[in-house]
Every structure is written in structure tokens, then in C-alpha cells.
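Counting in our numbering, the sequence shown runs from 9 upward without gaps.
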Amino acid sequence: MSAIAFGADTKVVFNSPDKPIMINKSSAIFSIVLESNPTTGYSWFLVKYDSNLIMPVSQKYYPSNTKLIGAGGYEKWTFQVKPMGFVVPRVISIQLVYTRPWDLEDYKPVTFKVVSHGS
């Protein structure tokens, strides 16, 4: 997965499930950026997260700057850790899958680990 820069609307941006996303109260809003190519029928879908501790804020597709037909781009998923997520230090999982909507049985989830630090 490749990195990409976005505007100042999000404080923290991540793109690798191999590294934990470290969050504290001052950086409770963060984004996950993933390569995507909806021209192939594939998109990212949010399949699992703890809604008591985290909430999705937005999801947006950004096409690449190339003029090539069928070229992919990026999906930016923005989340916010709720106040309850900071009561004690914890690990929160977010699972996304890259699949086609008509092929929901054939996918491998990608899990991001969000580490929140207590008060």
C-alpha cells in the first residue's frame, strides 16, 4: 500500500495494517488511506469495529492524477475514537475488506489496530 498526503482536515493518516495506529485525546480523529480502483468493481467495505469506542466519520474516493482510463486511486476512511475509548488504554480493531459487492463471500479482511491511551 502506498502513502498519499491529504489536507489538514485530518490530523493523523495511516495506510499500513502492519503498524498500530497510536491515538490519544488530542489526536482522536484519524484516517486510513487505501489503494482502490472502483472501475474494476472493487471497493473497500467496513465490516467490523466496536461502535461503542469508535465511529466512522467519512469515506471518500480520490482518483489518481493520471489521465489513464481505468487507473486507480485511493479511498480515505476517517474515524473518531469516542470518549469511552480513552477511559483506559486499549486496543481497538477496525476490519475492512476489498471486494466487489456481488462477491461478498470471497474476501480477506484487513485489520487495523488502534491503540488508545487512557486519560
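Note that the Cβ used here is the ideal one computed from N, Cα and C, for glycine as well.
In this structure, residue 28 sits away from residue 116, with a CB-CB distance that is not shorter than 8 Å. In its chain, beyond the 5 residues on either side, 52, 54, 118 have a beta carbon closer than 6 Å to the beta carbon of residue 104. It is roughly 16 Å from the alpha-carbon of residue 57 to the alpha-carbon of residue 31. Residue 81 and residue 35 do not touch by the CB rule: their CB atoms are close to 25 Å apart, not below 8 Å. Here residue 124 really is in contact with residue 97; their C-beta atoms are around 7 Å apart, less than 8 Å.
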